[in-house]
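The next block holds one structure in the form of structure tokens; read it before the comments.
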Amino acid sequence: MTTHTLSSTAFRTYWLGRYLERAGSTARLVQVNANLMMDLPMRLPLGWMPLVDILAQEDAFTDLYGDTVASPDSNEKLVARFLLSDARNPGSLLNALGFARENARTLRGTLPRAAFEHINEIHLYAREVLQEPLSRTRRNRGLKDIIAHLDQINGFLSSTMLHNASWQFFRLGNFIERADMTTRIIDLRSIDLLGHDTELAPFADIQWRSVLNSLDAMQGYTATVQNPINQEDVLEFLLQNPDLPRSLLRCLTTIRNCLRALPNNDEPLELINNMRRQLQRASVRRLEDAKLHRFVDVRQKQLFTLHQKITNHYFPQR
Amino acid sequence: MTIEWKNYPARDVWDELIAPGGRARRGAAALKKALAKLDDNELQERRYAAELAIRSMGITFTVYSGEESGAIDREWPFDIIPRLILKSEWDAISRGLIQRVNALNQFIDDIYHKQQILKDNVLPRIYIDKSRDFRPECMGVSPPHRVWSHVCGSDLVRGGDGTVYVLEDNLRVPSGVSYMLENREVMKRVFPELFTDYVIHPVDDYPTQLANTLRSLNPNANRTAQLAVLTPGIYNSAYFEHAYLANAMAAELVEGRDLVVGKDDYLYMRTIEGLVRVDVLYRRIDDTFIDPEVFNQDSVLGVPGLMRAWRAGKVALANAPGCGVADDKVIYTYVPDIIRYYLSEEPLLPNVPSYRCVEKEHRDYVLDNLDQLVVKPANESGGYGMMIGPKASKKERNQFARQIRANPRNYMAQPMLNLSTSPTLIDTHAEPRHLDLRPFILSGADNYVTTGGLTRVAMRKGSIVVNSSQGGGSKDTWVVDDQ
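Note that the protein sequences, when read in sequence, are chains L and H. Under my numbering, the first sequence has 217 at position 213, and the numbering climbs by one with no breaks. Under my numbering, the second sequence has 379 at position 378, and the numbering climbs by one with no breaks.
Printed below as a string of structure tokens:
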């Protein structure tokens with residue numbers, strides 16, 4: 005008997021992939037920003053709000069906390085709470101893990117038995133360790149553990165799950181979310197940095213360094229690109245390197261491979277092939293300011309269209 | 002310290018392992034000896050090993066709690082001392098169960114066709130007219146093999162003199178079989194050495210047998226049957242079992258929203274490749290929820306048009322809708338007559354003696370002796386809604402008396418049974434705890450009875466309520482060769 009993949013199962017696996025990835029990238033963002041803040045002089049206005057902007061959550065944040073132009077210290081606390089543990093923010097790390105857990109619960113027939121336990125454990129751990137009031141030390145330790153635990157879950161699923169259609173949907177979720185986050189991070193730093201403020205110039209490479217760090221790309225950059233950190237090389241590396249796990253091109257390639265392995269794939273496959281081709285052909289080194297922002301914006305819109313196409317195509321509603 | 006068998010009180014009731022005087026019953030000597038060899042620490046370790054196995058295997062059942070989290074999964078309490086049944090006794094019981102289920106299936110089929118048994122006055126018509134689970138929508142339908150209840154879970158109890166009685170027949174959507182299978186797995190991890198002392202008959206072919214039974218119902222004979230298990234979803238207390246069985250049978254686990262009945266009256270599931278036809282649906286939701294077009298209109302668990310597809314013979318439903326008409330504690334009292342009527346045989350397994358409140362003589366007796374009887378409503382399950390006379394307050398008894406007078410059709414009563422016990426590990430010593438046994442009987446082209454079944458044990462001292470929702474636990478059930 006051939007086995008079938010229910011649309012509802014595919015839908016939940018896809019979202020499991022997205023939520024797990026989202027939790028991980030949120031944790032990475034907060035970690036890296038904390039490091040960046042330590043390296044920058046106090047009077048620079050960068051602060052923590054850019055993280056809220058990255059996730060396009062300014063309105064939600066303002067609704068909850070008002071127009072906070074508080075001290076940098078309380079600003080950090082508020083933004084961290086908003087991104088990590090605030091139950092009222094549907095995009096918080098804790099909520100992402102909670103949604104991942106609910107999806108995993110309903111997928112116990114599809115996932116390996118222990119998968120739910122692992123995901124349940126990390127959710128319980130995160131709830132415990134991110135409790136307010138949250139000191140920097142505890143936050144740092146907790147996020148480090150969460151990132152490591154999430155990587156383990158990905159590895160566990162990869163080595164125990166059948167690599168069938170459900171697996172492809174899990175990876176689709178992972179990599180669409182990942183591609184989205186990569187473009188958001190680049191977008192944000194582009195706006196911040198490219199104001200031609202001479203005061204900021206000495207710190208430009210620190211910020212690109214933080215971008216590389218938040219995408220786990222520092223080591224890869226040093227090994228691949230021989231030049232010191234500079235915007236042109238970083239952009240090319242993050243957007244077009246074929247091997248870096250979080251580069252946009254690598255994400256699009258993985259998405260394409262997942263779609264190739266699925267039945268009934270004409271439409272979404274056509275879209276992803278176009279997206280990939282366009283990205284490969286683009287000259288990204290020279291993109292600056294508004295042009296860079298526009299370039300990234302187009303990729304994000306394409307990713308959203310792809311998400312919609314997959315949703316309508318494979319998970320039609322009753 | 003070890004288990005001191007000489008302190009084990011096996012006097013007042015029938016004990017499954019220990020005879021009066023403290024000797025092991027036939028077949029139980031090796032088990033008794035092996036347990037006595039373990040000191041307190043070893044006993045604790047084995048129990049801990051069992052708990053660990055249960056947790057890591059993810060064996061849970063859902064308990065509803067008022068908290069925001071909604072339902073939670075709880076591990077199923079498990080006792081590490083197995084319950085033993087001799088093979089010769091089990092074979093006799095199996096024959097009795099098959100006889101019983103075959104007669105009940107003929108009865109259901111008769112009720113939805115000619116109703117000959119009513120015309121012949123063997124069963125008064127009032128019981129069908131006032132039956133909660135009789136479904137007029139099923140009249141005239143002839144399911145494959147004329148079998149309606151494909152999976153039946155009958156509850157067996159042993160009385161003080163050692164006689165095994167049928168306490169009730171669960172013909173609708175009985176659950177618990179996955180725990181029977183998992184309990185065996187746990188025991189293999191916890192007491193591997195015992196499996197060399199005994200010839201223990203395996204239980205693990207149940208999913209294969211269930212799949213065969215379901216395939217034998219395939220109404221679309223020209224193609225290989227596509228099987229699916231319909232679950233109400235993760236918040237159902239038996240969801241673990243639904244997922245377990247679907248996995249073990251390589252059937253799809255579906256919810257109502259995954260299914261759609263086409264204009265051609267076939268049943269389909271929504272997959273990433275489009276609609277895929279389902280031939281046999283093992284539904285684990287109650288009749289009244291399966292089709293909002295016919296029954297409960299608010300049901301979001303079911304599939305609009307499912308009854309239409311079933312009536313048209315384009316999909317098989319297991320169990321068939323309407324089979325609950327025979328799962329009624331008052332109809333139960335007629336099962337011995339039903340067996341005689343359809344099979345012209347004497348029942349091999351006795352019923353617990355019962356009183357029908359509809360009959361004046363019986364009713365008067367029941368009302369006069371409420372403090373000694375167990376009163377049960379016709380259609381409850383899970384141990385709900387019944388009154389245990391000797392333990393009830395005067396107020397409760399009066400209330401039941403009023404209910405019985407108001408609706409006698411809905412009640413039956415039985416003498417308080419002295420349920421048998423079996424040694425159960427409490428801290429580090431063995432104490433007798435009451436138990437029952439739920440075997441599962443499959444019916445399709447053929448019959449099959451599980452090897453033993455699910456033994457449920459009342460973990461509270463003196464309690465006879467074995468339901469998991471009310472503090473019950475379970476034991477592995479060993480059908481062993483007579484030595």
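Glycine included, C-beta positions come from ideal geometry on N, C-alpha and C. This structure is a prediction, so every number in the text was calculated from the model and none was measured.
H:S421 and H:V14 closer than 9 Å at C-beta: yes
Pull out every residue of the stretch 260-273 of chain H whose Cβ sits closer than 9 Å to any Cβ of chain L, in chain order. Residues V261, M270, R271, T272, I273.
List the residues that DSSP assigns as beta-bridge partners of H:D441. The question names Asp, but residue 441 of chain H in the sequence shown is Phe. Looking at the DSSP assignment, H:F441 forms a beta bridge with H:G154.
Among residues of its own chain, excluding the 5 on either side of L:G102, which ones have a beta-carbon nearer than 8 Å to its beta-carbon? Taken in chain order, the residues that qualify are H127.
Close Cβ partners of H:Y366 (< 7 Å) along its chain, the five nearest in sequence each way excluded: Y356
Alpha carbon of H:S179 to alpha carbon of L:R213, nearest angstrom: Within the model, the alpha-carbon separation for H:S179 versus L:R213 is close to 55 Å.
Counting pairs of Cβ atoms below 8 Å between the stretch 263-274 of chain H and the stretch 283-291 of chain H, do you hit three or more? no
Would you kindly work out how many angstroms separate the C-alpha atoms of H:L18 and H:A25, rounded to a whole number? 6 Å
Note down, in chain order, each residue of its chain lying with its Cβ closer than 7 Å to the Cβ of H:P145, except the 5 sequence neighbours on either side. L218, P220, A317
Any beta carbon of chain H sitting closer than 9 Å to that of L:P94? no
Residue span of the alpha helix (DSSP H) that contains L:V36, given as start and end: 11-43
Buried or exposed by the 16-neighbour rule on C-beta atoms within 10 Å, applied to L:R117: exposed
Coil, strand or helix - H:Y166 by DSSP: strand
Look at H:M188 and H:P83 and say whether their C-beta atoms are less than 9 Å apart. yes
Look at the Cβ atom of H:D437, then the Cβ atom of H:L157, and state whether they are nearer than 9 Å. yes
Alpha carbon to alpha carbon, how far is H:R47 from H:L53? 10 Å
Would you check if the distance between the CB atom of H:E432 and the CB atom of H:P424 is smaller than 9 Å? yes
In terms of residue numbering, what span does the beta strand (DSSP E) encompassing H:V277 cover? 275-279
The alpha helix (DSSP H) enclosing H:K88, as first and last residue numbers: Annotation for H:K88: the continuous alpha helix (DSSP H) segment containing it runs 88-112.
I believe L:L243 touches L:V288 by the beta-carbon criterion, under 8 Å. Please report the beta-carbon distance rounded to the nearest angstrom. Their Cβ separation, rounded to whole angstroms, is 5 Å, which keeps L:L243 and L:V288 in contact under 8 Å.
Complete runs of the beta strand (DSSP E) confined to the stretch 370-451 of chain H [at least 3 residues]: 374-378, 412-416, 422-427, 430-439, 441-444, 448-450
Using the three-state DSSP reduction, which class does L:W212 fall into: helix, strand or coil? Helix.
Give me the residue from H:N380, H:V376, H:E381, H:S150 with the minimum Cα distance to H:P391. H:V376
DSSP state of H:D259 mapped onto helix, strand, coil: DSSP places H:D259 in helix when its eight states are reduced to three.
To the nearest angstrom, how far is it from the Cα of L:E106 to the Cα of L:E62? Taking the straight line joining both Cα atoms gives about 27 Å.
For H:K396 and H:W77, I'd like the C-alpha separation in whole angstroms. 34 Å
Just checking my contact of H:I405 with H:L368 at CB under 8 Å: how many whole Å lie between their CB atoms? 7 Å
Give me the Cβ distance between L:I283 and L:L307, rounded to the nearest whole Å; I'm assuming they're in contact under 8 Å. Just to set this straight, residue 283 of chain L is Leu in the shown sequence, not Ile. Wrong, their Cβ atoms sit about 11 Å apart, outside the cutoff.
Identify which residue in L:V238, L:N168, L:H153 has its Cα closest to the Cα of L:A14. L:N168
Assuming H:D292 contacts H:G275 under a Cβ cut-off of 8 Å, what Cβ separation, rounded to an integer in Å, is found between them? Contact doesn't hold; Cβ gap of about 23 Å is too wide.
Return no unless some Cβ of chain L is closer than 9 Å to the Cβ of H:V316. no
Please report how far the alpha carbon of H:Y385 lies from the alpha carbon of H:L168, in whole angstroms. 15 Å
Nearest to H:V336 by CA position, among H:N103, H:K131, H:E138, H:T164, is which residue? Closest in C-alpha terms to H:V336, from the list H:N103, H:K131, H:E138, H:T164, comes H:N103.
Please classify L:E2: does DSSP put it in a helix, a strand, or coil? Residue 2 of chain L falls outside the range modelled here, since chain L spans only 5 to 322, and no answer is possible.
Residues of the stretch 273-285 of chain H in Cβ contact with chain L at a cutoff of 9 Å, in chain order, please. I273, E274, G275, V277
Do you know offhand how far H:Q328's Cα is from H:T272's? Note that residue 328 of chain H corresponds to Asp in the displayed sequence, not to Gln. Cα to Cα, the separation comes out at about 35 Å.
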